[in-house]
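Undergrad:
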């Protein structure tokens, strides 16, 4: 049952990724592309955790993907705000 929930969360992340890619294709704003990439990393993390089948204590390395995604978002927002000021 836990694998099903990981799959559902990964699917939700992929839906958000496609949503942001749609806006990126219309506007070509890099912020949307970065959000799409971040949500793709979130989905990849969920899939890897489900496939690995490791105990909770050994899953910490997968959370580096989540950290990378958040760092991408922070960098993109800072870059976007720097251009506007």
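Residue numbers (the numbering used here): 45 to 129. For each residue, glycine too, the CB sits at the ideal point set by N, CA and C.
#1: Quick check: what's the CA-CA separation for residue 91 versus residue 70?
#2: Counting C-beta neighbours from all protein chains within 10 Å, is the total for residue 74 16 or more, i.e. buried, or is it exposed?
#3: Assuming residue 57 and residue 87 form a contact by the criterion Cβ under 8 Å, report the distance between their Cβ atoms to the nearest whole angstrom.
#4: Skipping 5 residues on each side, what residues in its chain have a beta carbon closer than 6 Å to that of residue 94?
#5: Using C-beta distances below 7 Å, list every residue in its chain close to residue 65, excluding the 5 sequence neighbours before and after it, in chain order.
TA: The relevant details are as follows:
#1: Position 47 of the chain shown, counted from the first residue, corresponds to residue 91. Position 26 of the chain shown, counted from the first residue, corresponds to residue 70. Residue 91 and residue 70: Cα-Cα distance of roughly 29 Å.
#2: Locating residue 74 in the chain shown gives position 30, where the first residue counts as 1. Burial call: exposed.
#3: Taking the chain shown and counting its residues from 1, the one referred to as residue 57 is at position 13. Taking the chain shown and counting its residues from 1, the one referred to as residue 87 is at position 43. Right, their Cβ atoms sit about 4 Å apart.
#4: What you label residue 94 is simply residue 50 of the chain shown in a count that begins at 1. Only 47, 50 meet the Cβ criterion.
#5: Against the chain shown, residue 65 aligns to sequence position 21. The residues are 80.
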